[in-house]
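>
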Ligand code: BDP
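Numbering (this note's numbering), first residue to last: 1222 to 1868.
1. Taking 8 Å as the cut-off, is the C-beta of residue 1603 nearer than that to any heavy atom in ligand 1?
2. Between 1830, 1594, 1300 and 1757, which has its C-alpha nearest residue 1810's C-alpha?
3. What is the DSSP secondary structure of residue 1290, counted as helix, strand or coil?
4. Where DSSP assigns a beta bridge to residue 1380, which residues make up the other side?
5. Considering just the uninterrupted stretch of the beta strand (DSSP E) at residue 1393, what are its terminal residues?
6. Could you name the residues of the same chain whose beta carbon sits closer than 6 Å to that of residue 1764, not counting the 5 residues immediately before and after it, in chain order?
7. Going by DSSP, which residues form a beta bridge with residue 1489?
8. Does the contact criterion of 3 or more C-beta pairs under 8 Å hold for the segment 1451-1463 versus the segment 1477-1490?
9. If you drop the 5 nearest sequence neighbours on each side, which residues of the same chain put their C-beta closer than 6 Å to that of residue 1504?
10. Would you grab the beta carbon distance between residue 1327 and residue 1278 for me? Rounded to a whole angstrom, and I think it's under 8 Å.
11. Which first and last residues belong to the alpha helix (DSSP H) in which residue 1644 is found?
12. Tell me, which residues are paired with residue 1569 by DSSP?
13. Under 8 Å from any heavy atom of ligand 1, does the C-beta of residue 1431 make it?
14. What whole-angstrom Cβ distance do residue 1440 and residue 1576 have, given they're in contact under 8 Å?
15. List, from N- to C-terminal side, the beta strand (DSSP E) runs of 3 residues or more that fit wholly inside the segment 1458-1482.
16. By the three-class DSSP mapping on this structure, what secondary structure does residue 1619 have?
17. Given this structure, state the Cα-to-Cα distance separating residue 1727 from residue 1680, to the nearest angstrom.
18. Which residue's Cα is closest to the Cα of residue 1445: 1781, 1378, 1340 and 1490?
19. Would you report the Cα separation of residue 1729 and residue 1778, rounded to the nearest angstrom?
20. Going by C-alpha to C-alpha distance, which of 1382, 1408 and 1307 sits closest to residue 1634?
21. Which residue wins for smallest C-alpha separation from residue 1721, given the options 1399, 1276 and 1626?
22. Which word fits residue 1258, buried or exposed, when buried means at least 16 other C-beta atoms lie within 10 angstroms of its C-beta?
23. Helix, strand or coil for residue 1322 per DSSP?
24. From residue 1615 to residue 1742, what does the alpha carbon distance come to, in whole angstroms?
25. Taking 8 Å as the cut-off, does the CB of residue 1766 come closer than this to any heavy atom belonging to ligand 1?
26. Where does the unbroken alpha helix (DSSP H) through residue 1590 begin, and where does it stop?
27. Return helix, strand or coil for residue 1552, following the three-state DSSP convention.
28. Compute the distance between the beta-carbons of residue 1603 and residue 1570, then report whether it is under 9 Å.
29. Where in the segment 1800-1846 do unbroken runs of the beta strand (DSSP E), each at least 3 residues long, occur, reported from the N-terminal end onward?
30. Please indicate yes or no: does the CB of residue 1632 lie closer than 8 Å to some heavy atom of ligand 1?
31. Counting along the chain, where does the beta strand (DSSP E) carrying residue 1267 start and finish?
32. Please check the pair residue 1438 and residue 1319, which I expect to be a contact at CB under 8 Å, by giving their CB distance rounded to whole angstroms.
33. Measuring only from the beta carbon, is residue 1606 closer than 8 Å to any heavy atom that is part of ligand 1?
34. Using DSSP's beta-bridge definition, name the partner residues of residue 1896.
35. Could you spell out the range, first to last residue, of the beta strand (DSSP E) harbouring residue 1760?
36. Report the three-state DSSP secondary structure of residue 1545 (helix, strand or coil).
As structure tokens, then:
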């Protein structure tokens, strides 16, 4: 067990080895694209959501599954199997306490009937794609390993057509082993602590420690799919947009795999399906006259306008992939954040992928509810604290005009050993994977490479310099930030970022109960940071816990009134500074969320303005008034949703 749990994330190094040179030179491009699977006349998608067979390897070594090669036979033949929904975290599904806090390998299995034509046609590629599984995954098909992946929030895939064709009559048995162990070199990092004192602890007792404030939910969190493409296929598309006066520009690049030459037709269609520009080249710039720009929600009466970029491979075989494209520009000055050359003020939230029972599993009712709440609140933006969210959520942001600060899982980097080469190499690969996945979303306006790392530690300077430089080289069109809580004078990363993002919890983690310190301390915070760096600042977190239903006047900590009062005190300062260089405020947090157990958390973090079940606390109603009033001052409200008629 000791070997397997610790050695598995060590394989990160193997995957990351491809990118070692990136630390010294420029960009490390991943070998293929990671387009979101979409059906088209040439592509089919088969989603494998539903019940999978499941077993946690509770052997003391946690390695029995590998020793006995559980992937070689049906899982039910090697031991007991329970039902497990996919997508979902496994932790809160059963009544088994040991599964909730389980550390190590769990095994999932599903048999799929693959359409005969997928196999009979040698020209069809069959791909298995896992939207995300936390943290380390190994995938077998019919007992043969097809891929492995380190990291919990990004997709991975493998071509399995040839393997299935070896025995077209047998069902396609998919086995996925997932290990949630975090080490100093995973992202986020963690450590395993063992307790060998038998007078105090049972045999083989160990715990997973980590320095981030959300529960380390595990399992297959996003859909597993099979999809097809023809042999020659559109592997990747990059679309970078800009505009001048009334003309929009889509600078695109298509990569085709499986053919040495390709004949293409690229068409840009508007919302009504009319062709507005076309080309036959693999790359080029499409010009759109009388362009409809992509605007954020509450900044324009018609937010989230998307064109469709249809890439049609005509020869050597046909393949069609259609990418939604929003035409917009993003720029940063020393005092402003500009979208389409207009000042954009973030009035938004920080979120988590988190809910009762399913944990971090993708859940459509929850996603739609959350977007309805964001719109109700008058929020125009969120940060994907503290890891990349599901692609389905990013697509909703594109369509609804919700602006996103896209954060990688670089959270809880507090141990100096997590600033070493292996960690940095993996962090660079994660940024490669994140940018590859999300580069085409108009809603994504900035990359965040980390949250509150111990930036004062000596290795942090080179670490962040490399990381931010790498991210800017991957995507020169978007600003890059990381989120800081540290003293501005000690901070090492700030010189390299484009926008300063600061978290602070005045009158909460210190000066408890003293709301009167907030205006002074917040003012000092802003003046220090701006004075030193002359960069626009976003208050990327602020807030206070409130247990729903707890009241007191005068306000006391943990009551709804106190949470509201903290917000009010922050807002007064924001209102002065947003005239100068503060370009946004993101409340911590949108909703209450689960954390690890500890004496400062009463069944989770209660800084949500909504409960975990998405019911409003007093702060939600208070913030709603502010956000709509900000929208009235800074944007153009859509005619169909005038506040406060929906109150
Ligand atoms: C911030 C962290 C966030 C925590 C929050 C809190 O970035 O993850 O949940 O504090 O303590 O510093 O509520």
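For each residue, glycine too, the CB sits at the ideal point set by N, CA and C.
The answer reads as follows:
1. no
2. 1830
3. coil
4. 1348
5. 1393-1400
6. 1808, 1809 and 1828
7. 1498 and 1530
8. yes
9. Within its own chain, the residues whose Cβ lies closer than 6 Å to the Cβ of residue 1504, once the five positions on either side in sequence are excluded, are 1474, listed in chain order.
10. 7 Å
11. Following the DSSP letters along the chain, one finds residue 1644 inside the alpha helix (DSSP H) bounded by residues 1642-1659.
12. Paired residue(s): 1807.
13. no
14. Not a contact, Cβ separation roughly 14 Å.
15. 1468-1478
16. helix
17. 28 Å
18. 1378
19. 8 Å
20. If we check each option's Cα against that of residue 1634, 1408 comes out closest.
21. 1626
22. buried
23. coil
24. 35 Å
25. Checking the Cβ of residue 1766 against ligand 1 gives yes.
26. 1585-1598
27. Three-state result, residue 1552: strand.
28. The criterion of a C-beta distance shorter than 9 Å is satisfied by residue 1603 and residue 1570.
29. 1803-1808
30. yes
31. 1266-1268
32. Actually they are not in contact, since the Cβ atoms of residue 1438 and residue 1319 sit about 16 Å apart, beyond 8 Å.
33. Yes.
34. Because residue 1896 is not part of the residues shown, which for the chain are 1222 to 1868, the question remains open.
35. Its beta strand (DSSP E) spans residues 1758-1762.
36. strand
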